[in-house]
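K.L.:
There are 2 protein chains.
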Amino acid sequence: MSLARLVDVHTHVYLPRYAALLRSRTTLPRIITSSREGKPDDRLFILDRDTGRPVGSQYWDRDEKLKFMDRHGIDMSVVSSANPWLDFLPASEAQTLATQLNEDLEQYCADSPSLSPSLKRLYGFGLLPLVPEISTAALLEAIEQISKLSHLKGIIMGTRGLGKGLDSEDLDPVWAALEKSGLVVFLHPHYGVDVEAWGEKDNGHVLPLALGFPFETTIATTRLILAGVFDRFPSLRLLLAHSGGALPQLSSRLASCIEHDPVVASRLKHDARWYLGKLYFDAVAYGPEELGFVSDVISRSQRYEAGGSVPTNTAVDRALGSRRMLFGTDHPFFPPLQPTEKWKSVVENLQAIDAVTGWGQVEKDGVRGANALSLFNLV
Amino acid sequence: MSLARLVDVHTHVYLPRYAALLRSRTTLPRIITSSREGKPDDRLFILDRDTGRPVGSQYWDRDEKLKFMDRHGIDMSVVSSANPWLDFLPASEAQTLATQLNEDLEQYCADSPSLSPSLKRLYGFGLLPLVPEISTAALLEAIEQISKLSHLKGIIMGTRGLGKGLDSEDLDPVWAALEKSGLVVFLHPHYGVDVEAWGEKDNGHVLPLALGFPFETTIATTRLILAGVFDRFPSLRLLLAHSGGALPQLSSRLASCIEHDPVVASRLKHDARWYLGKLYFDAVAYGPEELGFVSDVISRSQRYEAGGSVPTNTAVDRALGSRRMLFGTDHPFFPPLQPTEKWKSVVENLQAIDAVTGWGQVEKDGVRGANALSLFNLV
Chain E
1 MSLARLVDVH THVYLPRYAA LLRSRTTLPR IITSSREGKP DDRLFILDRD TGRPVGSQYW
61 DRDEKLKFMD RHGIDMSVVS SANPWLDFLP ASEAQTLATQ LNEDLEQYCA DSPSLSPSLK
121 RLYGFGLLPL VPEISTAALL EAIEQISKLS HLKGIIMGTR GLGKGLDSED LDPVWAALEK
181 SGLVVFLHPH YGVDVEAWGE KDNGHVLPLA LGFPFETTIA TTRLILAGVF DRFPSLRLLL
241 AHSGGALPQL SSRLASCIEH DPVVASRLKH DARWYLGKLY FDAVAYGPEE LGFVSDVISR
301 SQRYEAGGSV PTNTAVDRAL GSRRMLFGTD HPFFPPLQPT EKWKSVVENL QAIDAVTGWG
361 QVEKDGVRGA NALSLFNLV
Chain Z
1 MSLARLVDVH THVYLPRYAA LLRSRTTLPR IITSSREGKP DDRLFILDRD TGRPVGSQYW
61 DRDEKLKFMD RHGIDMSVVS SANPWLDFLP ASEAQTLATQ LNEDLEQYCA DSPSLSPSLK
121 RLYGFGLLPL VPEISTAALL EAIEQISKLS HLKGIIMGTR GLGKGLDSED LDPVWAALEK
181 SGLVVFLHPH YGVDVEAWGE KDNGHVLPLA LGFPFETTIA TTRLILAGVF DRFPSLRLLL
241 AHSGGALPQL SSRLASCIEH DPVVASRLKH DARWYLGKLY FDAVAYGPEE LGFVSDVISR
301 SQRYEAGGSV PTNTAVDRAL GSRRMLFGTD HPFFPPLQPT EKWKSVVENL QAIDAVTGWG
361 QVEKDGVRGA NALSLFNLV
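Protein sequence lines, in the order shown, are assigned to chains E and Z.
Just so you know, we're using full-length UniProt numbering here: the first sequence kicks off at 1 and counts up by one.
Just so you know, we're using full-length UniProt numbering here: the second sequence kicks off at 1 and counts up by one.
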């Protein structure tokens, strides 16, 4: 039997305290509580033009998370609050709630079953009260709080920052503190792009989720690169949701556009592609070719180090990139439309890892769990 | 010596008649004419929040196009009007101008030097007056006009259609006529996504060009897939600018989102990934890993045919996908910031083709030119 662990780094929760808030609200985001044939029939509305989706105990009940993990052979999950986090709250409320939710999540993990004498089955990403009008001091306090909660290994973050996006210099003290703390920053989308882009047809949630979400992550990360954040904070550990969205496929175009634009051509220390090798990518892309390509793009980043010694025509070693990729499920989102023993969305991501050409057992075991244990200092 | 041809399928022109229109305008799109030290110092403004870029004879002078081709060893170019085409014109004006510009472009090509007894060095993509309020009859007339102009081999098209996007049923007669005509439809972006997404920092044109353009192409193509256009018009030949933008990398996520959404789950004939194998992709992606990945995504489409016989765990034959990929330069856009003999943007795309792992000489020659000759029936 293999000792390899399966670790889910992209799995969400609405903690009971947060779910209660969603139930109490009359505008987005909210849970609308009703009943059908005597059973609760709650629906969750979080997106612009959202038509809602069924929401139930799988979103807040820890036992449901553990059952889901057992059913899919997941040994450990690093759980994060689901979007839209605290984005919609006034600063003081966001600050109070962040503190409480971080304590709640610590408890959620600390009381979870043990995986081994030294490991729990649940760890977590905390929350910062990252909203307009918040003080830098409050953000630094939250980082300190999370650093002291031993089961929280990072923070999950949206893309709005203090309202001007993540490329605002206002966030430099936050990046500095996060870099120093060693906490992993899980960058996750919520807003997509302007809904006008989706047109008038009813395509359900497909366009905002399949395209808008990855676009948002791509834009946010690109703006971080262009703002020099990775030049100033080179040890920041940023984990990108949904395998970095479209960033890998657009990264050579990005590098070319930068090099051909007088405004930015000489601003950065390295070719844009170099920065992709400093990032971490979840493996939530649903296809083996996508994962292999992301792995290539990470591997090739060495070629693009300013003054580096790797020629740009050197073939990539795909194995190398796998070390920065980590399995995830996006649970409890994307449930099967018809009940099945295992969720198709999970099975697809596992099969994708298994089918990547050029990855051996070591690379696959790494992506499935060993990379996460290492990233979160759990070995 | 190799008989392999280098053919540029992504190369633009503002025909003199169109450039004169841009000069006459007081709102976007426009050319602002001024002079610096006695020399003309014209600048082109086409994008929202555009800060302009130098524009000169390389945009309208055919001799400049041919000189550029000679300098880069390009045997043949299939030239298209640059964005934003006729999008901003009232219907009657768009219709008149489309007819004239199609005649102009035919002349531009027909009078060009010969490459061989049966081939010219220049061919073209015509224009449809695809604007709100235009009649279907006018669009069908334009398709008929272009079909009869022997050097026009396709049309270039933006993403707005008649104002509601390309997924509107209003366009079904147009798709039907295009399918019947055999004209290649070159889908090209102009609008990107809402500028709010780019934030407040001055990053030049990098974000709208590097990300906005490919996002727009991705959205338009996805909307076409979701609207069943490729199910209804299976022989339509659509060529995607910039290697399909982000569509390849998001295609498995798209397939998964479709399968998990009750609104669309059973709407299409095939898994979303199948449709990518029906498309053509220019090779304007600036990196070998990107091109190899696009090739994989085309190759794998066979696996995703409804009721097909190729198991989903079959490794892809990367060579297969190369047949639907075609070299392009995006000239006269992306000139080098400092004068150089060869343009870096062109050299990068050629080097990328040459460096794709898993492509042999046949595949590389195909992407460089043979695929274009075949697609445009020039063999």
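For every residue, glycine included, the Cβ atom is placed at its ideal position computed from N, Cα and C.
In whole angstroms, what separates the C-alpha of Asn371 of chain E from that of Asp282 of chain E?
P.N.:
Their Cα atoms are separated by approximately 11 angstroms.
K.L.:
Closer than 8 angstroms, Cβ to any Cβ of chain Z: which residues of the segment 142-164 of chain E, in chain order?
P.N.:
Flagged, chain order: Lys164.
K.L.:
Between Gly204 of chain Z and chain E, is the shortest Cβ-Cβ distance under 9 angstroms, so that the two count as touching?
P.N.:
Closer than 9 angstroms: yes.
K.L.:
Within a Cβ cutoff of 7 angstroms, which residues of the same chain sit near Tyr18 of chain Z, ignoring the five residues on either side of it in sequence?
P.N.:
Cβ within range, chain order: Ser81 and Leu101.
K.L.:
Could you name each continuous beta strand (DSSP E) segment of 3 residues or more that falls completely within the segment 29-113 of chain E, going from the start of the chain to the end?
P.N.:
If we require 3 residues or more, the beta strand (DSSP E) runs fully inside the segment 29-113 of chain E come out as 30-32, 43-45 and 76-81.
K.L.:
Under 9 angstroms between C-beta atoms, does Lys344 of chain Z make it to chain E?
P.N.:
True, the Cβ-Cβ gap to chain E drops below 9 angstroms.
K.L.:
Please classify Asp317 of chain E: does DSSP put it in a helix, a strand, or coil?
P.N.:
The answer is coil: DSSP assigns Asp317 of chain E none of H, G, I, E or B.
K.L.:
Look at the alpha carbon of Arg161 of chain Z and the alpha carbon of Lys201 of chain E, and state the distance between them as a whole number of angstroms.
P.N.:
The identity of residue 161 of chain Z in the sequence shown is Gly, whereas the question assumes Arg. Distance between the alpha carbons of Gly161 of chain Z and Lys201 of chain E is about 14 angstroms.
K.L.:
Are Arg324 of chain E and Thr314 of chain E touching if we call contact CB-CB under 9 angstroms?
P.N.:
For Arg324 of chain E and Thr314 of chain E, no; Cβs fall outside 9 angstroms.
K.L.:
Taking the DSSP output, what are the residues bridged to Asp282 of chain Z?
P.N.:
Per DSSP, Z:Leu326.
K.L.:
Nearest-angstrom Cα distance between Ser34 of chain Z and Gln249 of chain E?
P.N.:
Spanning the two alpha carbons is a distance of roughly 39 angstroms.
K.L.:
Might you give, ordered along the chain, the residues of its own chain that have their beta carbon closer than 7 angstroms to the beta carbon of Ile353 of chain E, omitting 5 neighbours on each side?
P.N.:
Result list for Ile353 of chain E: Ala283, Leu291, Phe327, Lys364, Val367 and Arg368, in chain order.
K.L.:
In the structure shown, what three-state DSSP assignment does Met1 of chain E receive?
P.N.:
Residue confidence for Met1 of chain E is low, a pLDDT of 40 falling below 50, so the modelled location carries little weight; the figure read from the coordinates is stated next. If DSSP states are grouped into helix, strand and coil, Met1 of chain E belongs with coil.
K.L.:
With distance defined between alpha-carbon atoms, name the residue in E:Leu209, E:Ala197, E:Leu226 and E:Leu211 nearest to Val206 of chain Z.
P.N.:
Out of E:Leu209, E:Ala197, E:Leu226 and E:Leu211, E:Leu226 has the C-alpha closest to the C-alpha of Val206 of chain Z.
K.L.:
Quick one: give me the first and last residue of the alpha helix (DSSP H) that residue 385 of chain E is part of.
P.N.:
Past the boundaries of the shown model lies residue 385 of chain E; chain E is included only from 1 to 379, so the question cannot be answered.
K.L.:
Would you call Gly212 of chain Z buried or exposed, if buried means 16 or more other Cβ atoms sit within 10 Å of its Cβ?
P.N.:
So Gly212 of chain Z ends up on the buried side.
K.L.:
Near Thr11 of chain E, what residues of its chain come up, given a Cβ to Cβ distance below 6 angstroms and the 5 sequence neighbours on each side ignored?
P.N.:
Taken in chain order, the residues that qualify are Ser77, Val79, Thr329 and His331.
K.L.:
If you draw a straight line from the alpha carbon of residue 380 of chain Z to that of Gly124 of chain Z, how long is it in whole angstroms?
P.N.:
The question about residue 380 of chain Z has no answer here: the residues shown for chain Z are numbered 1 through 379.
K.L.:
Using the rule of at least 16 other Cβ atoms within 10 Å of the residue's Cβ for burial, across every protein chain shown, is Pro84 of chain Z buried or exposed?
P.N.:
Per the 10 Å Cβ criterion, buried.
K.L.:
Compute the distance between the beta-carbons of Phe230 of chain E and Tyr275 of chain E, then report whether it is under 9 angstroms.
P.N.:
Yes, Cβ-Cβ distance for Phe230 of chain E and Tyr275 of chain E is below 9 angstroms.
K.L.:
Under 7 angstroms, CB to CB, which of the residues in the segment 285-301 of chain Z have a partner in chain E?
P.N.:
Against chain E - using a Cβ distance shorter than 7 angstroms - the residues of the segment 285-301 of chain Z are Ala285, Tyr286, Gly287, Glu289, Glu290, Phe293, Asp296, Val297 and Arg300.
K.L.:
In angstroms, rounded to a whole number, what distance separates the CA positions of Leu320 of chain Z and Gly360 of chain E?
P.N.:
Their backbone Cα atoms lie some 25 angstroms apart in a straight line.
K.L.:
Secondary structure at Phe125 of chain E, three-state DSSP: helix, strand or coil?
P.N.:
Here Phe125 of chain E sits in strand by DSSP.
K.L.:
Out of curiosity, what's the CA-to-CA distance linking His270 of chain E and Glu305 of chain E?
P.N.:
Whole-angstrom Cα-Cα distance: 6 angstroms.
K.L.:
Using the C-alpha atoms, what's the distance from Leu22 of chain Z back to Pro29 of chain Z?
P.N.:
Taking the straight line from one Cα to the other gives about 6 angstroms.
K.L.:
In the segment 17-47 of chain Z, which residues sit with their C-beta less than 7 angstroms from some C-beta in chain E, listed in chain order?
P.N.:
If the cut-off is 7 angstroms between Cβ atoms, the segment 17-47 of chain Z has nothing near chain E.
K.L.:
Mind reading off the beta-carbon distance from Pro244 of chain Z to Val294 of chain Z? Whole number of angstroms is fine, and I expect it under 8 angstroms.
P.N.:
Per the sequence presented here, residue 244 of chain Z reads as Gly, with Pro not at that position. At roughly 6 angstroms, the Cβ-Cβ gap stays under 8 angstroms, so Gly244 of chain Z and Val294 of chain Z are in contact.
K.L.:
Using a Cβ cut-off of 9 angstroms (strictly closer), state whether Lys201 of chain E contacts chain Z.
P.N.:
Yes, Lys201 of chain E counts as interfacial toward chain Z.
K.L.:
Considering just the uninterrupted stretch of the alpha helix (DSSP H) at Lys153 of chain Z, what are its terminal residues?
P.N.:
Not the alpha helix (DSSP H): Lys153 of chain Z falls in the beta strand (DSSP E), residues Leu152 to Met157.
K.L.:
Relative to the C-alpha of Glu259 of chain E, which candidate in Z:Pro336, Z:Val13 and Z:Leu47 has its C-alpha closest?
P.N.:
With distances taken between Cα atoms, Glu259 of chain E lies closest to Z:Pro336.
K.L.:
9 angstroms is my cut-off, CB to CB: does Phe334 of chain E come that close to chain Z?
P.N.:
Closer than 9 angstroms to some Cβ of chain Z, the Cβ of Phe334 of chain E qualifies, so yes.
K.L.:
Determine the closest residue to Val297 of chain E out of E:Ala246, E:Leu224 and E:Pro40, with distance taken between C-alpha atoms.
P.N.:
Of the listed residues, the one whose Cα sits closest to Val297 of chain E is E:Ala246.
K.L.:
How many angstroms separate the CA atom of Asp104 of chain Z from the CA atom of Val347 of chain Z?
P.N.:
Using only the alpha carbons, I get a separation of about 30 angstroms.
K.L.:
Who are the Cβ neighbours of Val55 of chain Z in its own chain at under 7 angstroms, not counting the five residues just before and after it?
P.N.:
Excluding residues within five positions, the ones whose Cβ falls inside 7 angstroms are Ile31, Asp42, Arg43 and Leu44.
K.L.:
Whole angstroms are fine: how far does the CA of Lys164 of chain E sit from the CA of Glu196 of chain Z?
P.N.:
In a straight line, the C-alpha of Glu196 of chain Z is about 10 angstroms away from that of Lys164 of chain E.
K.L.:
Exposed or buried, which one is Gly126 of chain E when buried takes at least 16 other CB atoms within 10 Å?
P.N.:
By the 10 Å Cβ count, Gly126 of chain E comes out buried.
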